[in-house]
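Novice: Counting from 1 along the sequence shown, just add 88 to a position and that's the residue number in this note's numbering.
Cβ atoms here follow ideal geometry from the backbone N, Cα and C, with glycine treated the same way.
Everything numeric in this text was worked out from a predicted model, so none of it was measured.
Just passing along the structure, written as structure tokens.
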Amino acid sequence: MQQYTTDIMIIGGGASGLAAAVAAKRFCPELSVTILERNSRVGKKILATGNGRCNLGNISTDSRYYYGSCKKYWNTIIEQTQPAEAFFQSMGLYCRRESDGRLYPCSNQAASVLDALRLTIEQEGISDVCDCLVSDIQQTESGILAKTTQGDFLASAAIVTTGGFAAPKTGSDGSAFSWLLNLGHHCNAPKPALVHFLTKPVLLRLLKGIRLSAEVTAISENGTVLAVDTGEVQFTERTISGICVMNLSAACVGQEPAAICLRLLPEIPEQRLLPLLWQLYGVRTNWKLEDWLTGLLPKKAGIQLLRSAGIAMSMDTPVYEITPQQLEQVVKTILTWKFPVFSRGSWQEAQVTSGGIPAEEIDADLQSRLVNGLFFAGEILDFHGNCGGYNLNWAWQSGQFSGENAAKQILQNFAEKR
Numbered sequence: 089m090q091q092y093t094t095d096i097m098i099i100g101g102g103a104s105g106l107a108a109a110v111a112a113k114r115f116c117p118e119l120s121v122t123i124l125e126r127n128s129r130v131g132k133k134i135l136a137t138g139n140g141r142c143n144l145g146n147i148s149t150d151s152r153y154y155y156g157s158c159k160k161y162w163n164t165i166i167e168q169t170q171p172a173e174a175f176f177q178s179m180g181l182y183c184r185r186e187s188d189g190r191l192y193p194c195s196n197q198a199a200s201v202l203d204a205l206r207l208t209i210e211q212e213g214i215s216d217v218c219d220c221l222v223s224d225i226q227q228t229e230s231g232i233l234a235k236t237t238q239g240d241f242l243a244s245a246a247i248v249t250t251g252g253f254a255a256p257k258t259g260s261d262g263s264a265f266s267w268l269l270n271l272g273h274h275c276n277a278p279k280p281a282l283v284h285f286l287t288k289p290v291l292l293r294l295l296k297g298i299r300l301s302a303e304v305t306a307i308s309e310n311g312t313v314l315a316v317d318t319g320e321v322q323f324t325e326r327t328i329s330g331i332c333v334m335n336l337s338a339a340c341v342g343q344e345p346a347a348i349c350l351r352l353l354p355e356i357p358e359q360r361l362l363p364l365l366w367q368l369y370g371v372r373t374n375w376k377l378e379d380w381l382t383g384l385l386p387k388k389a390g391i392q393l394l395r396s397a398g399i400a401m402s403m404d405t406p407v408y409e410i411t412p413q414q415l416e417q418v419v420k421t422i423l424t425w426k427f428p429v430f431s432r433g434s435w436q437e438a439q440v441t442s443g444g445i446p447a448e449e450i451d452a453d454l455q456s457r458l459v460n461g462l463f464f465a466g467e468i469l470d471f472h473g474n475c476g477g478y479n480l481n482w483a484w485q486s487g488q489f490s491g492e493n494a495a496k497q498i499l500q501n502f503a504e505k506r
């Protein structure tokens with residue numbers, strides 16, 4: 089099979105791979121850079137982000153929105169690379185900021201982001217080889233050798249940017265870990281993240297399609313609080329979801345939640361809830377139970393909450409038949425409405441991977457401690473973040489960081505040989 093040579097080989101043409109290619113070439117234009125992409129074109133996953141608008145980053149780089157062992161390198165990376173907004177402005181793509189710090193292209197089209205990257209790659213003289221599936225990589229005396237469906241590629245340095253296991257239909261199916269294991273690397277307990285949770289369907293019959301504002305808490309089997317967020321909760325016939333819930337799936341790294349608890353009406357102080365329900369009891373005393381909480385909650389949500397609070401009587405029963413003990417139980421349910429967790433959503437439904445190559449196997453420059461000249465960037469590493477552009481922040485900046493460091497190492501090796 090034919091063998092090709094290049095200075096820097098980037099395995100995976102997603103967000104982090106494209107950023108790595110641009111950064112490496114800009115750092116040293118004399119170096120040849122080649123992207124190996126398994127799909128028919130680079131950047132397929134980018135087109136799906138932000139519902140086609142591409143939430144390409146966030147102005148915040150606060151480490152509290154990130155998780156995983158490689159988090160220890162984040163502050164160093166952001167100090168030495170361009171944030172998403174500046175990185176894209178360098179390609180002539182301008183962004184607008186939303187109130188929560190999310191960044192979107194001014195065009196509101198993900199295709200604009202991919203076009204900026206694709207045309208920059210073309211302009212910089214970076215090669216991309218598509219429909220190129222890597223089956224193995226090896227360390228040789230001459231460099232890093234990749235075995236692919238398009239031939240063998242030999243490089244002085246390689247950057248693995250293949251992603252994790254999430255959204256396998258875009259090509260990130262975790263297959264790279266098979267050949268990384270052969271090199272001695274491992275993958276920290278991979279789990280689907282930024283994904284919904286499956287719960288009891290009987291609790292969701294009346295809630296399907298409803299959205300509720302709540303403080304959401306993930307708790308363990310013994311009641312330990314694992315993570316907390318606030319936002320809009322969404323329900324389907326089998327899942328509890330919404331951005332705040334998906335953030336919990338990202339934050340629960342070491343322990344799986346046994347339940348998700350909702351604190352409804354978070355804008356109302358706890359001490360005001362009991363007097364408020366007594367007031368509603370007085371004003372609506374002759375109303376049917378099914379209408380008692382209307383206005384505080386959507387009608388169907390109110391009915392389901394009463395059922396979850398143990399109110400077994402007919403919803404046609406007048407409000408005045410509620411006992412003080414039952415009313416107090418309704419307040420408790422508003423404060424801690426518990427939904428047992430059966431499992432997370434699947435890899436097909438997840439936005440990112442929790443887990444990956446652990447920090448103890450890479451140096452601070454994101455180079456492998458096991459294979460000289462092998463670098464990593466993006467979701468392949470044990471690092472992920474919340475919804476809102478944080479994971480693309482990581483993709484762009486870890487990609488730039490690895491790209492520059494790979495180029496620096498090659499130049500240093502050239503200098504030492506002279």
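Of all the options LYS160, GLU118, LEU362, ALA103, which has the alpha carbon lying nearest to the alpha carbon of ALA172?
Specialist: As a working note, residue 172 is residue 84 in the sequence shown. Selected option, being the one with the closest Cα: ALA103.
Novice: My parser needs the alpha helix (DSSP H) runs of 4 or more residues fully inside the region 315-372; what are they?
Specialist: Counting whole runs of 4 or more residues, the region 315-372 contains the alpha helix (DSSP H) stretches 331-339, 358-371.
Novice: Measuring CB to CB, does GLY100 end up less than 8 Å from VAL283?
Specialist: Looking up residue 100 in the sequence shown gives position 12. Looking up residue 283 in the sequence shown gives position 195. Cβ distance not < 8 Å, so GLY100 and VAL283 don't count as in contact.
Novice: Hey, how far is the Cα of SER442 from the Cα of SER308?
Specialist: To locate residue 442, count along the sequence shown from 1; it is residue 354. To locate residue 308, count along the sequence shown from 1; it is residue 220. Each residue's alpha carbon lies about 18 Å from the other.
Novice: Answer with buried or exposed for ILE356, where buried requires no fewer than 16 other C-beta atoms within 10 angstroms of its C-beta.
Specialist: Here residue 356 is taken as the residue at index 268 of the sequence shown, counted from 1. With fewer than 16 Cβ atoms within 10 Å of its Cβ, ILE356 is classed as exposed.
Novice: In angstroms, rounded to a whole number, what distance separates the CA positions of GLY461 and PHE471?
Specialist: Looking up residue 461 in the sequence shown gives position 373. Looking up residue 471 in the sequence shown gives position 383. Going from the Cα of GLY461 to the Cα of PHE471 covers about 21 Å.
Novice: Given this structure, state the Cα-to-Cα distance separating SER187 from GLY476, to the nearest angstrom.
Specialist: One-based indexing of the sequence shown puts residue 187 at position 99. One-based indexing of the sequence shown puts residue 476 at position 388. Cα-Cα distance, rounded: 11 Å.
Novice: Taking only heavy atoms of the ligand ZN into account, decide whether any of them is closer than 7 Å to the Cβ of PHE115.
Specialist: Looking at this structure, you won't find the ligand ZN or any other ligand, since it has none at all.
Novice: Quick one: using the 10 Å Cβ neighbour count with 16 as the cut-off for buried, is LYS288 buried or exposed?
Specialist: Residue mapping note: residue 288 aligns to position 200 of the sequence shown, counting from 1. Classification of LYS288: exposed, given that the 10 Å Cβ count is below 16.
Novice: Enumerate, from N- to C-terminal direction, the unbroken alpha helix (DSSP H) stretches of 4 or more residues contained entirely within the region 198-226.
Specialist: Correct list: 198-212.
Novice: Distance, Cα to Cα, LEU469 vs SER148?
Specialist: Taking the first residue of the sequence shown as position 1, residue 469 is located at position 381. Taking the first residue of the sequence shown as position 1, residue 148 is located at position 60. Those two C-alpha atoms are separated by around 21 Å.
Novice: What residues in its chain sit with their C-beta under 7 Å from that of GLN322, if we drop five residues either side in the sequence?
Specialist: In the sequence shown, counting from the first residue as 1, residue 322 sits at position 234. Hits under 7 Å: ARG299, SER329, GLY330.
Novice: Using the C-alpha atoms, what's the distance from ASP317 back to GLN238?
Specialist: Within the sequence shown, residue 238 is the residue found at index 150, counting from 1. Within the sequence shown, residue 317 is the residue found at index 229, counting from 1. Whole-angstrom Cα-Cα distance: 46 Å.
Novice: Using C-beta distances below 6 Å, list every residue in its chain close to VAL459, excluding the 5 sequence neighbours before and after it, in chain order.
Specialist: Here residue 459 corresponds to residue number 371 of the sequence shown, with the count starting at 1. The answer, listed in chain order, is GLN227, LEU271.
Novice: Could you round the C-beta distance between PRO345 and ALA306 to whole angstroms and report it? I think they count as a contact, below 8 Å.
Specialist: Position 257 of the sequence shown, counting from 1, holds the residue named residue 345. Position 218 of the sequence shown, counting from 1, holds the residue named residue 306. That belief holds up - the Cβ atoms of PRO345 and ALA306 are roughly 4 Å apart, short of 8 Å.
Novice: Can you name the residues that DSSP bridges to PRO171?
Specialist: Counting from 1 along the sequence shown, the entry for residue 171 is found at position 83. Answer is none; PRO171 lacks a bridge partner.
Novice: Kindly list the residues whose CB is nearer than 6 Å to the CB of THR94, restricted to its own chain and excluding five residues on each side of it in sequence; keep chain order.
Specialist: Here residue 94 refers to the residue found at position 6 of the sequence shown. Within the same chain, THR94 has close Cβ partners SER120, THR122, ALA243.
Novice: Could you give the residue range of the alpha helix (DSSP H) that holds GLY390?
Specialist: By one-based count along the sequence shown, residue 390 stands at place 302. Run containing GLY390: 387-396, per the alpha helix (DSSP H) assignment.
Novice: Can you say whether CYS340 is buried or exposed, counting buried as having 16 or more other CB atoms within 10 angstroms of its CB?
Specialist: Locating residue 340 in the sequence shown gives position 252, counting from the first residue. When all chains shown are included, CYS340 counts as buried.
Novice: Taking the C-alpha atoms as reference points, what is the distance between MET334 and GLY319?
Specialist: As a first step, residue 334 must be located in the sequence shown, where it is residue number 246. As a first step, residue 319 must be located in the sequence shown, where it is residue number 231. Going by the C-alpha atoms only, they are around 11 Å apart.
Novice: Can you tell which of SER490, ALA503, ASN310, ARG457 has its C-alpha closest to the C-alpha of THR249?
Specialist: Position 161 of the sequence shown, counting from 1, holds the residue named residue 249. It is SER490 whose Cα lies nearest to the Cα of THR249.
Novice: Using the rule of at least 16 other Cβ atoms within 10 Å of the residue's Cβ for burial, across every protein chain shown, is SER223 buried or exposed?
Specialist: As a first step, residue 223 is located in the sequence shown; it is residue number 135 there, counting from the start. Flag for SER223 reads exposed.
Novice: Under 8 Å by Cβ, that's how I've got ARG351 and THR424 pegged, so tell me the actual separation to the nearest angstrom.
Specialist: For the purposes of this step, residue 351 is taken as residue 263 along the sequence shown, with counting starting at 1. For the purposes of this step, residue 424 is taken as residue 336 along the sequence shown, with counting starting at 1. At roughly 7 Å, the Cβ-Cβ gap stays under 8 Å, so ARG351 and THR424 are in contact.
Novice: Count the other CB atoms, across all protein chains shown, that sit within 10 Å of the CB of ALA72; report buried if there are 16 or more and exposed otherwise.
Specialist: Because the chain is modelled from 89 through 506, residue 72 falls outside the range shown and cannot be assessed.
Novice: Where does PHE90 sit, in a helix, a strand or coil, going by DSSP?
Specialist: Residue numbering aside, residue 90 sits at position 2 when the sequence shown is read from its first letter. The residue asked about is misnamed: residue 90 is Gln in this sequence, not Phe. Coil, per DSSP.
Novice: For LEU472, list the residues DSSP reports as bridge partners.
Specialist: By 1-based counting over the sequence shown, the position of residue 472 is 384. Checking the displayed sequence, the identity of residue 472 turns out to be His instead of Leu. The partner list for HIS472 (beta bridge, DSSP) reads TYR155.
Novice: Quickly, what does DSSP pair ARG190 with across the bridge? List them, please.
Specialist: Residue mapping note: residue 190 aligns to position 102 of the sequence shown, counting from 1. Answer by DSSP bridge pairing, in chain order: ASN146.
Novice: What is the residue span of the beta strand (DSSP E) that PRO428 lies within?
Specialist: Within the sequence shown, numbered from 1, the residue matching residue 428 stands at position 340. 425-428 is the span of the beta strand (DSSP E), which, as asked, contains PRO428.
Novice: Between VAL130, ARG126, TYR369, which lies nearest to ALA199 when the distance is taken from Cα to Cα?
Specialist: Taking the sequence shown and counting its residues from 1, one reaches residue 199 at position 111. Nearest C-alpha to ALA199: VAL130.
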